[in-house]
Amino acid sequence: MKRARIILIIIVFVIGFFGVAALILYLPDRKIRTHSPTEEFVAFLDFRVPKLMELYGIPGVNIALVKDGLIVYTAAYGEANQKSGQKMTVDMPMRVQSISKSVTAWAVLKLAEEGKLNLDDPVERYLKGWKLPVSDYPPDGVTVRRLLCHTAGLPLGDVFALYSPDEVMPSLKESLTHSAILFQMPGKGFSYSNVGYNLLEFMIEEVTGRDFAEYMKNEILYPLGMYHSDFEWSEETLSSAPLGYTLDDKPISPYQYPERASGGLLSTAEDIARFCIAGMPNFSDQRALVRPTIEQLYLAQAENLGIYSAVFDAYGFGYYTEGLTNGKLAVSHGGQGTGWMSHFHAVPETGDAIVILTNSQRSWPFISSLLNGWARWRGFSPPGMTRILLGECFLWGLVGLTISITLCLIAGIVRKIMKVNPRFIPVQQKILKPSRIFKIGISLSILAILWWACCQKYLFLTAVFPVSSIWLGVCAAAFSLTLLIESLCQK
Numbered sequence: 006m007k008r009a010r011i012i013l014i015i016i017v018f019v020i021g022f023f024g025v026a027a028l029i030l031y032l033p034d035r036k037i038r039t040h041s042p043t044e045e046f047v048a049f050l051d052f053r054v055p056k057l058m059e060l061y062g063i064p065g066v067n068i069a070l071v072k073d074g075l076i077v078y079t080a081a082y083g084e085a086n087q088k089s090g091q092k093m094t095v096d097m098p099m100r101v102q103s104i105s106k107s108v109t110a111w112a113v114l115k116l117a118e119e120g121k122l123n124l125d126d127p128v129e130r131y132l133k134g135w136k137l138p139v140s141d142y143p144p145d146g147v148t149v150r151r152l153l154c155h156t157a158g159l160p161l162g163d164v165f166a167l168y169s170p171d172e173v174m175p176s177l178k179e180s181l182t183h184s185a186i187l188f189q190m191p192g193k194g195f196s197y198s199n200v201g202y203n204l205l206e207f208m209i210e211e212v213t214g215r216d217f218a219e220y221m222k223n224e225i226l227y228p229l230g231m232y233h234s235d236f237e238w239s240e241e242t243l244s245s246a247p248l249g250y251t252l253d254d255k256p257i258s259p260y261q262y263p264e265r266a267s268g269g270l271l272s273t274a275e276d277i278a279r280f281c282i283a284g285m286p287n288f289s290d291q292r293a294l295v296r297p298t299i300e301q302l303y304l305a306q307a308e309n310l311g312i313y314s315a316v317f318d319a320y321g322f323g324y325y326t327e328g329l330t331n332g333k334l335a336v337s338h339g340g341q342g343t344g345w346m347s348h349f350h351a352v353p354e355t356g357d358a359i360v361i362l363t364n365s366q367r368s369w370p371f372i373s374s375l376l377n378g379w380a381r382w383r384g385f386s387p388p389g390m391t392r393i394l395l396g397e398c399f400l401w402g403l404v405g406l407t408i409s410i411t412l413c414l415i416a417g418i419v420r421k422i423m424k425v426n427p428r429f430i431p432v433q434q435k436i437l438k439p440s441r442i443f444k445i446g447i448s449l450s451i452l453a454i455l456w457w458a459c460c461q462k463y464l465f466l467t468a469v470f471p472v473s474s475i476w477l478g479v480c481a482a483a484f485s486l487t488l489l490i491e492s493l494c495q496k
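The number in the numbering used here is simply the position in the sequence shown, starting from 1, with 5 added.
Right, dumping it as structure tokens:
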């Protein structure tokens, strides 16, 4: 009877946490009517976005909506600087991080379209007087195509090498000499790499004889109408840019990388919306790329994406792709850096897109929730990114389970105290009992894992689930300490 009561308590807690999470994350989206007027969805955003920002601790957000190939809505929410109270505005330049890769891919395919390079050539063919650092793998396998789709065997790179605007940085060539070291056989499989796109930046400069930022501005950005976007910083840009905010909500001033192609673009939500429209051949008359080249951008080049396969089907040239249940193809890319997160999702065939730029590193569940509502509004199946919400519900269920078990352990300890005088067993006595050793081992192992997690600069779980993962960590620590006390306490 007692055991049944304990099991019932655990079930109630777990279901309760699952239910509350589902109500918060999913129920509001049920109010959205498919293909309702834009004004109706905008009203929903004006209500929903501030609520989610408060829930996840996100200071500022800029959003743009594209419908039928036209920008129908842009808005700014929250603050660019929490200390001064400066408000976000739609024309503020934002770090869009890895969305830069999608834009860089346009430049590479433009050069291929003009016959200035071949996608299947080794990249070294286009680099004058510079070779890939010596490694255990053949450099001839590092082709332009493989760099574009992250299958060249290059590492992610150092994402923590940040420089203030007035700080001396290593040159692109110096950076690549230290980072562009093959760690696996080119062509073996997908491995997301900032280094690979930085190598493409070097290649673009060598092929064109022009500075990368200047080339991108005049050949890609301006022809696409992206007049508020740049790969080059200026004093004016710095003065108007918002602050970023880290996972622990600390402000971070504008910074730079030695490289630009992989994550150095500054842009606005409206400009990224224009970029999305440019990739919709049925709705755009842009002349940077011809239609077959644009369609080539979306062709699947890598399908086994590792952890990214949880939310995407494949990677093309600078775009993640996924098939929706209505047979339409969705293309997207996100970006994450210290203090920043961004994402765009587009369905080129229907002329629909959404752009979400935030000045917070805590934004993945927020972005996923908005994508879920947007897809419902436009009549699409939920994008793969919305599975993050399922993960969020699962983590809250674990929180409920951990709290339930901890309370049961506390109740057991209290019963011992109420019935008899408890004492902690000496090490030389029953401490060697297998059940006690097991409990002590479990509690100390969990505490060690939590300590290790606290010492990391970046933890994937806390980046994806910034609220529920912290709760889970606190509850796991409480459970471990309670289990340790219970295991050492006897009548």
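Ideal placement from N, C-alpha and C gives every residue a C-beta, glycine not left out.
For A80, collect the residues of the same chain with a Cβ closer than 6 Å to its Cβ; drop the 5 residues on either side in sequence, then sort them by chain order. I68
Inter-stretch contact (C-beta, 8 Å, three-pair minimum) for the segment 134-144 and the segment 164-174: no
Note the first and the last residue of the continuous alpha helix (DSSP H) segment covering M208. N199 to T213
Rounded to whole angstroms, what's the CA-CA distance from L489 to F465? Just pull it up for me. 28 Å
Please classify V71: does DSSP put it in a helix, a strand, or coil? strand
If contact is defined by three or more beta carbon pairs under 8 Å, each pair taking one atom from either stretch, is the segment 112-123 in contact with the segment 344-353? no
Given this structure, state the Cα-to-Cα distance separating T182 from A380, to the nearest angstrom. 43 Å
Which whole-angstrom value is the C-beta distance of W476 and V404, which I expect to be below 8 Å? Their Cβ separation, rounded to whole angstroms, is 5 Å, which keeps W476 and V404 in contact under 8 Å.
Anyone know if the C-beta pair for S368 and Y61 falls short of 8 Å? yes
Can you tell me whether W135 is helix, strand or coil according to DSSP? coil
For E327, report the span of its beta strand (DSSP E) as first-last. Y325 to G328
Coil, strand or helix - M390 by DSSP: helix
Rounded to a whole number of angstroms, what is the C-alpha to C-alpha distance between C480 and P175? A straight-line Cα-Cα distance of about 44 Å links C480 and P175.
Could you give the first and the last residue of the continuous alpha helix (DSSP H) run that contains S184? Start and end: L177 to S184.
Where does E84 sit, in a helix, a strand or coil, going by DSSP? strand
Enumerate in chain order the residues of its own chain whose CB-to-CB distance from N331 is below 8 Å, with the five nearest sequence positions on each side excluded. G384, F385 and S386
In whole angstroms, give me the CA-to-CA distance for T487 and P256. 36 Å
Among the residues of its own chain, which have a CB less than 6 Å from the CB of D125, if the five just before and after it don't count? T148 and R150
Given G146 as reference, the closest of V164, I186 and G120 once Cα atoms are compared: I186
How is T343 classed by DSSP in three states: helix, strand or coil? coil
Nearest-angstrom Cα distance between D216 and L57? 41 Å
Grab me the residues of F195's own chain with a C-beta within less than 7 Å of its C-beta, minus the 5 sequence neighbours each way, in chain order. H155, T156, A307, N309, L310, G311 and Y320
Does chain D have any CB closer than 8 Å to the CB of R292? The structure shown contains no chain D; it is built from a single protein chain.
Please report the residue range of the alpha helix (DSSP H) in which A112 lies. I104 to E118
Would you give the residue range spanned by the alpha helix (DSSP H) that V149 belongs to? V149 to L153
Compute the beta-carbon to beta-carbon distance between E264 and N203, rounded to the nearest angstrom, for a pair I have assumed lies under 8 Å. 4 Å
Measure from the alpha carbon of S374 to the alpha carbon of each residue in L304, F322, C460 and E397, then state which is nearest. E397
I need the boundaries of the beta strand (DSSP E) containing I359, first residue and last residue. Taken as a continuous stretch (DSSP letters only), the beta strand (DSSP E) holding I359 covers D357 to T363.
Would you check if the segment 34-46 and the segment 233-245 touch, i.e. whether three or more CB-CB distances between them fall below 8 Å? no
Within 8 Å, strictly: CB atoms of E327 and G389: yes
When we look at the beta-carbon of I422 and count the other beta-carbons within 10 Å, is it buried (16 or more) or exposed? It counts as exposed.
Using the Cα positions of W401 and F470, report the straight-line distance between them to the nearest angstrom. 10 Å
Taking DSSP as the reference, what is the three-state secondary structure of M285? coil
Between S89 and L493, what straight-line distance do the alpha-carbon atoms span, to the nearest angstrom? The C-alpha of L493 is placed about 52 Å away from the C-alpha of S89.
Is V212 near the ligand GTP, in the sense that its beta carbon is under 7 Å from a heavy atom of that ligand? The ligand GTP is absent from the structure shown, which contains no ligands of any kind.
Going by the DSSP bridge assignment, what does Y78 pair with across the sheet? L70
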